[in-house]
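Engineer: Please see the structure below; I have some questions.
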Amino acid sequence: MPGAILSPHLKSAIRNYALLFFGCVLFHVIGTWSLPLIDRDEPRFAEASREMIERRDYVVPYFNNQLRLDKPPLTYWTQVASFKIFGENDFAARLPSAVAAALVALSIFAWGTRIGGNRMG
Numbered sequence: 017m018p019g020a021i022l023s024p025h026l027k028s029a030i031r032n033y034a035l036l037f038f039g040c041v042l043f044h045v046i047g048t049w050s051l052p053l054i055d056r057d058e059p060r061f062a063e064a065s066r067e068m069i070e071r072r073d074y075v076v077p078y079f080n081n082q083l084r085l086d087k088p089p090l091t092y093w094t095q096v097a098s099f100k101i102f103g104e105n106d107f108a109a110r111l112p113s114a115v116a117a118a119l120v121a122l123s124i125f126a127w128g129t130r131i132g133g134n135r136m137g
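Every letter in the sequence shown is one number past the one before it in the numbering used here, and letter 111, counting from 1, is 127.
Written out as structure tokens, the structure is:
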């Protein structure tokens, strides 16, 4: 019986973490669903990721055929993976940031739970 292995406290914790994670991703996606890529950075990261796919060069990012070495490559790599799964669109460009924000929220929640117990977390 797989359900008997997990204690009720652990089941509750898993449920809380899952709800927090998916809630954060959902609110982030809903909040930006109707907006195009904004600011100056969102389109640049998305275009550099698209150019990585086009060039088949996943190590050196380019933006408008010029080197873009001012940021670490993890953002580009996660966007490339998202583009390959969901296609090259605004949703796919923003999804890695939504997941990262949800992971930060989970970390803060876990930290609060560890410091203050269930009352705080």
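Note that CB positions come from ideal geometry on N, CA and C, so glycine has one too. Given the structure is predicted, the values throughout are model-derived calculations rather than measurements.
So, at 8 Å on beta carbons, what are the nonlocal neighbours of A108 in its own chain, with the 5 sequence-adjacent residues on each side left out?
Structural biologist: Walking along the sequence shown from the start, residue 108 turns up at place 92. Cβ neighbours of A108 beyond the five flanking positions: Q95, S98, F99, I101, F102.
Engineer: Can you tell me whether L83 is buried or exposed, with buried defined as 16 or more other CB within 10 angstroms of its CB?
Structural biologist: Taking the sequence shown and counting its residues from 1, the one referred to as residue 83 is at position 67. So L83 counts as exposed.
Engineer: In angstroms, rounded to a whole number, what distance separates the CA positions of R71 and A121?
Structural biologist: Working through the sequence shown from its first residue, we reach residue 71 at position 55. Working through the sequence shown from its first residue, we reach residue 121 at position 105. Cα to Cα, the separation comes out at about 35 Å.
Engineer: According to DSSP, is Y74 part of a helix, a strand, or is it coil?
Structural biologist: Sequence index remark: in the sequence shown, residue 74 carries index 58 (1-based). Of the three classes helix, strand and coil, the one that applies to Y74 here is coil, per DSSP.
Engineer: For a test of the three-state rule: what should DSSP assign to L83, helix, strand or coil?
Structural biologist: Taking the sequence shown and counting its residues from 1, the one referred to as residue 83 is at position 67. Note: L83 maps to strand in three-state DSSP.
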